[in-house]
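Trainee: Numbering of the sequence shown is given in full-length UniProt numbering, commencing with residue 1 and proceeding in unit increments. For each residue, glycine too, the CB sits at the ideal point set by N, CA and C. The model shown is predicted, which means the values in this text are computed figures rather than measured ones.
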Amino acid sequence: MESDRHPADEGWVFAPAPPDTSTYTGLGTITVDGETFAVRRRDEDGTILYDWVSGPNNGYGFNALGRREPPTHQQHVAAIRDFLSSIDPATGYFHDP
């Protein structure tokens, strides 16, 4: 499949991501400041993934690198608030600096 290339995106090439063969353990949902995130852990490396299920853009979210100790509820909340503080309310994506 070819990439989607546009002159305005000079220097960027967008291509489909390879299939995700990882396995995950669901950790539940967390609601912070009215926004809901589904939280899961990648089994092989412990990376925590936050899927922004109440957000305006389907499939958008973020992840945090795995750690020895599972994050506390307060650490999940802090990570989500940090993510949300970087979001442009007009687009639902990261601010464009």
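(1) Using C-beta distances below 8 Å, list every residue in its chain close to D88, excluding the 5 sequence neighbours before and after it, in chain order.
(2) By a C-beta neighbour count over all protein chains shown, 10 Å radius and 16 as the cutoff for buried, is H73 buried or exposed?
(3) Return the chain-ordered ranges of every beta strand (DSSP E) run that is complete within the stretch 15-86 and spans a minimum of 3 residues.
(4) Would you mind working out which of D43, L27, V32, D33 sits nearest D20, comparing C-alpha positions?
(5) Out of curiosity, what's the CA-to-CA distance linking R40 and T29?
Mentor: In short, the structure shows the following:
(1) Your numbering for residue 88 matches position 88 in the sequence shown. Correct list, in chain order: F94, H95, D96.
(2) Walking along the sequence shown from the start, residue 73 turns up at place 73. So H73 ends up on the exposed side.
(3) With a minimum length of 3 residues, the continuous beta strand (DSSP E) runs that stay inside the stretch 15-86 are 24-32, 35-42, 48-52, 61-64.
(4) On the sequence shown, position 20 is the one that residue 20 refers to. It is D43.
(5) Residue numbering aside, residue 40 sits at position 40 when the sequence shown is read from its first letter. Residue numbering aside, residue 29 sits at position 29 when the sequence shown is read from its first letter. Cα-Cα distance, rounded: 9 Å.
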